[in-house]
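Enquirer: Can you read through this structure? Questions will come right after.
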Amino acid sequence: VLVIYASRDRIALKFTREDNVVRGYTLHIDGVCVEPSLLTLYQQSDRAGRQLLPALRPRQPFGRARSDQVVIAIVDHGTFMDPRSRKDWWQGY
């Protein structure tokens, strides 16, 4: 799993080796304290041109929850959509 974005309180993970969200699934996680050494590694890679972004091994922790709530979004090649919004894409269902 490739780390394509990381900050102190959020991270985005990609399930392919591509540094984009055009294809494949991307997991956005907000409300976490990103593991400091992983954040440092991501920042170094980002400054160096993003040629070798960090990747997580199976079961490798990437951080811890900042509170009792974590926000997670999974995106494929489409845009973020909210199924509660009946006024646009969810009409007729």
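Going by the working numbering, the sequence shown opens with residue -6, and the numbers climb by one from there. We treat Cβ as the ideally placed atom computed from N, Cα and C, and that holds for glycine.
Within 10 angstroms of the Cβ of Gly56, are there 16 or more other Cβ atoms? Answer buried if so, exposed if not.
Expert: Sequence index remark: in the sequence shown, residue 56 carries index 63 (1-based). It counts as buried.
Enquirer: If you count every other CB in all the chains shown that lies within 10 Å of the CB of Ile4, and 16 or more means buried, which is it?
Expert: On the sequence shown, residue 4 is found 11 positions in, with the first residue counted as 1. Its Cβ being crowded by 16 or more others within 10 Å, Ile4 is buried.
Enquirer: How many angstroms separate the CA atom of Val15 from the CA atom of Leu32?
Expert: As a position in the sequence shown, residue 15 is number 22, starting the count at 1. As a position in the sequence shown, residue 32 is number 39, starting the count at 1. Between Val15 and Leu32, the C-alpha separation is close to 23 Å.
Enquirer: Inspect the beta-carbon positions of Val64 and Thr19 and report whether they are closer than 7 Å.
Expert: Position 71 of the sequence shown holds residue 64. Position 26 of the sequence shown holds residue 19. No.
Enquirer: What's the call for Ala(-1), buried or exposed, on a 16-neighbour Cβ count within 10 Å?
Expert: By one-based count along the sequence shown, residue -1 stands at place 6. Ala(-1) should be labelled buried.
Enquirer: With Tyr(-2) as the anchor, note down where its beta strand (DSSP E) starts and where it stops.
Expert: Position 5 of the sequence shown, counted from the first residue, corresponds to residue -2. Taken as a continuous stretch (DSSP letters only), the beta strand (DSSP E) holding Tyr(-2) covers -5 to -1.
Enquirer: Does DSSP classify Thr87 as helix, strand or coil?
Expert: The question about residue 87 has no answer here: the residues shown for the chain are numbered -6 through 86.
Enquirer: Which whole-angstrom value is the C-beta distance of Gly24 and Gln53, which I expect to be below 8 Å?
Expert: Your numbering for residue 24 matches position 31 in the sequence shown. Your numbering for residue 53 matches position 60 in the sequence shown. Contact doesn't hold; Cβ gap of about 19 Å is too wide.
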